[in-house]
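Plus 19 on top of the position in the sequence shown (first one is 1) and you've got the working numbering.
Note that beta-carbon positions come from the ideal geometry of N, C-alpha and C, so glycine has one too.
Since the model is a prediction, treat every value here as computed from it, not as a measurement.
A short write-up of the structure that comes next.
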Amino acid sequence: MAQLILTTPNGRTSLRAVLTPATTIGRGPMNHLMIDSPLVSRRHATLETNGPFCTVHDLGSKNGTYVNGTLVKSQVLADGDTIGIGDCLLKFTSSEHEQVSDEAIKRISERGMLY
């Protein structure tokens, strides 16, 4: 199962699963992944899973969706890609790689290696 490591501006990290067939991301409570930030649109983006591929789609958000620092409308993700949504970063890990433990996320966050 693909996963996301969410990092907020204050440095807090959390591990989130990418749902099949789609994971919605936004500020609104109707999203699978809710990000409480004024820089995130109510319905900001979606991650669509199709077989081994995962694609991020911007849903017409005000501040855009970025993959590895580049503004995108839609982008197939590779393991290790970083998605920028508002003032948060989401690091994508594919199912083909070992799942990241909560303790590993804490160590990564403390060392500042997510950026």
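- Annotated three-state conformation of D77 is strand, per DSSP.
- Separation of F111 and G30 (C-alpha to C-alpha, rounded to the nearest whole angstrom) is 17 Å.
- Comparing alpha-carbon positions, the option among D77, T65, P71, A97 lying closest to A41 turns out to be T65.
- Relative to the Cα of V91, the nearest Cα in the group P48, S33, H63 belongs to H63.
- Between the region 51 to 63 and the region 100 to 107 there are three or more inter-stretch CB-CB distances shorter than 8 Å, so the stretches are counted as touching.
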